[in-house]
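Everything in the sequence shown is counted per this note's numbering, starting at 40 for the first residue and increasing by one. Cβ coordinates follow ideal geometry from the N, Cα and C atoms, glycine included. Since the structure comes first, as structure tokens, the remarks are kept for the end.
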Amino acid sequence: MTELTTDIRNEILALVSEFHWLLDHGHADKLHELYAEDGRSVGPMGVMEGREAIKAWGERRSKINAGIVRHFSGGTRVYVEDGVVKSTTYYMTFRDSQPDPLHPASVGEFQEEYTNVDGKWLIQRREIVPVFGAENAAKHAAKIAAGSEK
């Protein structure tokens with residue numbers, strides 16, 4: 040059974056932070072590197088199974104003008120459940136494509152599970168759970184899927 044140490048907690052927090060930085064700064068094409076080979080992403084963007092599917096999505100997002108997006112996250116709770124390291128992170132997403140970019144486009148939770156591969160923590164499963172603004176998140180996901188400009 041995995042014991043949650045300070046080192047593991049810090050590595051998970053760094054992984055969560057790196058994910059958002061890459062996404063918000065035009066490097067979505069590198070997000071797949073943070074996932075296990077058989078990692079899974081679930082949410083408004085659909086279900087992506089495996090690192091290659093996540094890579095394809097990230098490359099598509101990096102090629103279009105998704106506008107300025109910032110994810111503000113915090114309150115990350117890292118814990119072990121049934122021997123699996125997990126976390127829940129609260130988020131607010133702001134987009135310049137919103138009618139009022141000073142109001143969040145969506146608010147919710149990132150629920151993640153992790154695996155350790157050769158001493159490195161990676162995302163095994165990530166679920167994006169919008170609590171407020173799910174319609175906005177779905178519209179943005181459709182734009183990304185279509186490869187359209189903002």
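Can the beta-carbon of residue 145 be found closer than 8 Å to that of residue 55? In this structure, residue 145 lies away from residue 55, with their beta-carbon atoms at least 8 Å apart.
Below 8 Å, how does it come out for the segment 113–122 and the segment 78–90: are there three or more Cβ pairs, yes or no? Touching, no.
So the candidates are 44, 46, 93 and 41; which of them puts its Cα closest to the Cα of residue 162? Per the C-alpha coordinates, the member of 44, 46, 93 and 41 positioned closest to residue 162 is 93.
I'd like the list of long-range same chain contacts for residue 107, defined as Cβ closer than 6 Å, with 5 residues on each side in sequence excluded. Only 135 meet the Cβ criterion.
Would you identify the three-state DSSP class for residue 71, choosing helix, strand or coil? Reduced to three states, the DSSP call for residue 71 is helix.
Backbone CA spacing between residue 152 and residue 50 [nearest angstrom]: Rounded to whole angstroms, residue 152 and residue 50 show a C-alpha spacing of 13 Å.
Selected residue, minimal CA-CA separation from residue 100, among 64, 121 and 81: Nearest of 64, 121 and 81 to residue 100, Cα basis: 64.
Judging by CA-CA distance, which residue of 155, 130 and 156 is the nearest neighbour of residue 147? Residue 147 has its Cα closest to that of 130, out of 155, 130 and 156.
So what does residue 132 bridge to, in DSSP terms? BP columns for residue 132 point to 110 and 145.
Tell me where the beta strand (DSSP E) around residue 161 begins and ends. First-last of the beta strand (DSSP E) with residue 161: 159–171.
Beta-carbon separation (whole angstroms), residue 82 vs residue 166, contact threshold 8 Å: Contact between residue 82 and residue 166 holds, since their C-beta atoms are separated by about 6 Å, short of 8 Å.
State the Cα-Cα distance for the pair residue 184 and residue 96, rounded to the nearest angstrom. Straight-line Cα distance between these residues: approximately 8 Å.
CB of residue 43 within 8 Å of CB of residue 119, strictly: When the beta-carbon positions are compared, residue 43 and residue 119 come within less than 8 Å of each other.
Sorted by chain position, which residues of the same chain lie with C-beta nearer than 7 Å to residue 59's C-beta, five sequence neighbours on each side aside? These residues qualify, in order along the chain: 110 and 112.
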